[in-house]
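Note that the sequence shown covers residues 12 to 161 in this note's numbering. Ideal placement from N, C-alpha and C gives every residue a C-beta, glycine not left out. Predicted, not measured: the structure shown is a model, and the values here were computed from it.
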Amino acid sequence: MRRWIMVLFMVLVGCRGGQTAAAAAGETSGEEGNRGKYYEAAAVPNEVGLNEKVSVVVSFTAGSGYHWNDEYPARFEVSGGEGVGIEKREFSVKTKDVEVSKDAARITIPVVVKESGAQDLLVKGSFSVCNETSCKIMRNEEIHLPLTGR
Numbered sequence: 012m013r014r015w016i017m018v019l020f021m022v023l024v025g026c027r028g029g030q031t032a033a034a035a036a037g038e039t040s041g042e043e044g045n046r047g048k049y050y051e052a053a054a055v056p057n058e059v060g061l062n063e064k065v066s067v068v069v070s071f072t073a074g075s076g077y078h079w080n081d082e083y084p085a086r087f088e089v090s091g092g093e094g095v096g097i098e099k100r101e102f103s104v105k106t107k108d109v110e111v112s113k114d115a116a117r118i119t120i121p122v123v124v125k126e127s128g129a130q131d132l133l134v135k136g137s138f139s140v141c142n143e144t145s146c147k148i149m150r151n152e153e154i155h156l157p158l159t160g161r
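Quick look at the structure:
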C-alpha cells in the first residue's frame, strides 16, 4: 500500500512540476546506465530461422537489491528494423499481456525475421523497480536487443 501511495504521489507531483518533480521522484528517461544497474533485459531465442513465425520472449529482470514494481502500470512498445516483422507491437499490464513476478516481467512477441544476419529489436518501455527505500521509474526506456536471422 505504501508503494502505491508513493507511485500515485510521484505521478501527481510529476504532472504539476514537470521535469524537476519527475527527477525528484526518481524517474529516469532513457538515461545511460539504467540497464545493468536497475534492471536487465534479454530476448530468447535470439537466433531465428528466416521467414518463420517465432515467439520471442523478452524478460526484464530487476537489478541486484531491486524488485519489479507490480503496482506500476508497465507498458512496452516494440519495433524492429526493416528485416523484422512484428505482429503485436503494444503490451501493457492493463491489457494483461505483460507477465509479472516478484523479480521480473516478460512479454511474448510474435516475430518473423525476413533478412539474414544481425537485426535490431527495439523495446521502448515504461516500468518501475523498487528497493527497500525507493522506486525508480523508467519512462520511455529504449532497450535494443539483438536478433539474428539464419
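Within a Cβ cutoff of 8 angstroms, which residues of the same chain sit near Gln130, ignoring the five residues on either side of it in sequence? Within the same chain, Gln130 has close Cβ partners Gly91, Gly92, Gly94, Val95, Val124, Pro157, Leu158, Thr159, Gly160.
Quick one: Cα of Glu82 to Cα of Lys99, how far? Those two C-alpha atoms are separated by around 24 angstroms.
Closest to Asn142 by CA distance: which of Asn57, Val67, Tyr77 is it? Residue Tyr77 is the option with its Cα nearest to Asn142.
Determine the contact status of Val109 and Ile118, defining contact as a CB-CB distance below 8 angstroms. Yes, Cβ-Cβ distance for Val109 and Ile118 is below 8 angstroms.
Alpha-carbon to alpha-carbon, Trp79 and Ser7: This structure cannot settle anything about residue 7, because the visible part of the chain is limited to 12 through 161.
Excluding the 5 residues preceding and the 5 following Ala116 in the sequence, name in chain order all residues of the same chain whose CB lies nearer than 8 angstroms to its CB. Counting only residues of its own chain and dropping the five nearest sequence neighbours on each side, Ala116 has a CB closer than 8 angstroms to the CB of Ser70, Phe71, Trp79, Ala85, Val109, Glu110, Phe138.
If I follow the unbroken beta strand (DSSP E) through Tyr50, where does it start and stop? Counting along the chain, the unbroken beta strand (DSSP E) around Tyr50 starts and ends at 50-55.
Whole-Å CB distance - Val89 paired with Val134, under 8 angstroms assumed: Taking C-beta atoms under 8 angstroms as the contact rule, Val89 and Val134 qualify, at a distance of about 5 angstroms.
I'd like to know if Glu58 contacts chain D, where contact means its C-beta is closer than 8 angstroms to some C-beta of that chain. Looking at the structure shown, chain D is missing, and only one protein chain is on hand.
Could you work out which residue in Ile120, Glu58, Pro121 is closest to Gly128 when comparing CA atoms only? For the set Ile120, Glu58, Pro121, the Cα lying nearest the Cα of Gly128 is the one of Glu58.
Using the rule of at least 16 other Cβ atoms within 10 Å of the residue's Cβ for burial, across every protein chain shown, is Glu101 buried or exposed? Here Glu101 is exposed. Its C-beta has fewer than 16 other C-beta atoms within 10 Å.
With a 10 Å radius around its C-beta and 16 neighbouring C-beta atoms as the bar for buried, classify Val122 as buried or exposed. Burial call: buried.
Any idea what DSSP makes of Asp81, helix, strand or coil? Asp81 falls in the coil class under three-state DSSP.
Pick out whichever of Ala52, Asp114, Gly74, Glu126 has its Cα sitting closest to the Cα of Gly60. It is Glu126.
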